[in-house]
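Trainee: Read top to bottom, the protein sequences are chains A and B.
Residue 1 is where the first sequence starts when you use the numbering used here, and the numbers rise one by one after that.
Residue 111 is where the second sequence starts when you use the numbering used here, and the numbers rise one by one after that.
Note that the Cβ used here is the ideal one computed from N, Cα and C, for glycine as well.
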Amino acid sequence: QQPVQSPQAVILREGEDAVINCSSSKALYSVHWYRQKHGEAPVFLMILLKGGEQKGHEKISASFNEKKQQSSLYLTASQLSYSGTYFCGTEIKGNTPLVFGKGTRLSVIA
Amino acid sequence: GAVVSQHPSRVICKSGTSVKIECRSLDFQATTMFWYRQFPKQSLMLMATSNEGSKATYEQGVEKDKFLINHASLTLSTLTVTSAHPEDSSFYICSAQRGTSRTTDTQYFGPGTRLTVL
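(1) Take B/K176 as the anchor and find which of B/Q139, B/S211, B/S128, B/A206 has the nearest alpha-carbon.
(2) Using a beta-carbon distance below 9 Å, is A/I20 in contact with chain B?
(3) Does DSSP classify B/S119 as helix, strand or coil?
(4) Which residue comes first and which comes last in the beta strand (DSSP E) that contains B/Y202?
(5) For A/Y29, which residues does DSSP report across the bridge?
(6) Identify the contact partners of A/F87 in chain B, using a Cβ-Cβ distance below 8 Å as the criterion.
(7) At which residues does the beta strand (DSSP E) containing A/F87 begin and terminate?
(8) Could you have a look at B/L229 and say whether DSSP puts it in helix, strand or coil?
(9) State the Cα-Cα distance for the pair A/Q5 and A/K102, rounded to the nearest angstrom.
(10) Any beta carbon of chain D sitting closer than 9 Å to that of A/P97?
(11) Output yes or no for whether 9 Å exceeds the beta carbon distance between B/L156 and A/V99.
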């Protein structure tokens, strides 16, 4: 079952913050976040496994809610290099194929 | 480290011909490789999973006779689109991981191959 990402697209000015959500109607086993720049390969950002988990660093971090049905990616003080499409990939059970959301296109402008 | 390459990056072929796409892990051994298809502004759709030395596992709806996958070594997997038709035109991306766990092993993606079938 494909997770739902929101928003579909967002435009930010440098220095602004953004939140990208990834939601599922069922509890998830794990959430993987990737960023893909136009014409390039998706790049792994982080994985979350535990309900209530938060990880990442100051600028890019993510959380996984207690029910394990929603993950949010936080982009703080955005930079031009943050532009790209962000995908979440989810597992319903361990060691099963990742199902990716449709992506959130983030554009950071000067 | 963890670089994955794909070749070719772009290919245009005539309808009815076959096209082979290579996926290589350049600086690590990939026990598992994945093949995805991505339509414009759409998500990554998993086509198949291949483990070195064994037959690929195809996702539901993917024709195994049309999309032949070979994972002959720990650094190379190939996808052959046989008797290609215009509807097969797409962006094909491979990924590779060191181990076999989809949960904890990071997938490293290749840069993709743009296939256009005329």
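Mentor: Reading from the atomic positions:
(1) Here the question's residue 176 of chain B lines up with position 66 in the second sequence. Residue B/S128 is the option with its Cα nearest to B/K176.
(2) Locating residue 20 of chain A in the first sequence gives position 20, where the first residue counts as 1. No, no contact with chain B.
(3) In the second sequence, the residue the question calls residue 119 of chain B occupies position 9. B/S119 falls in the coil class under three-state DSSP.
(4) Reading the second sequence from its first residue, position 92 is the one you call residue 202 of chain B. Element bounds for B/Y202: 200-207.
(5) One-based indexing of the first sequence puts residue 29 of chain A at position 29. Partner(s): none; A/Y29 has no beta bridge.
(6) Taking the first residue of the first sequence as 1, we reach residue 87 of chain A at position 87. Within 8 Å Cβ-Cβ: S153, L154.
(7) Looking up residue 87 of chain A in the first sequence gives position 87. 84-91 is the span of the beta strand (DSSP E), which, as asked, contains A/F87.
(8) Lying before the first or after the last residue shown, residue 229 of chain B is absent from chain B, which here runs from 111 to 228.
(9) What you label residue 5 of chain A is simply residue 5 of the first sequence in a count that begins at 1. What you label residue 102 of chain A is simply residue 102 of the first sequence in a count that begins at 1. Roughly 7 Å between the two C-alpha positions.
(10) Considering every chain present, this structure includes no chain D. Its protein chains are A and B.
(11) Taking the first residue of the second sequence as position 1, residue 156 of chain B is located at position 46. Taking the first residue of the first sequence as position 1, residue 99 of chain A is located at position 99. Cβ distance < 9 Å, so B/L156 and A/V99 count as in contact.
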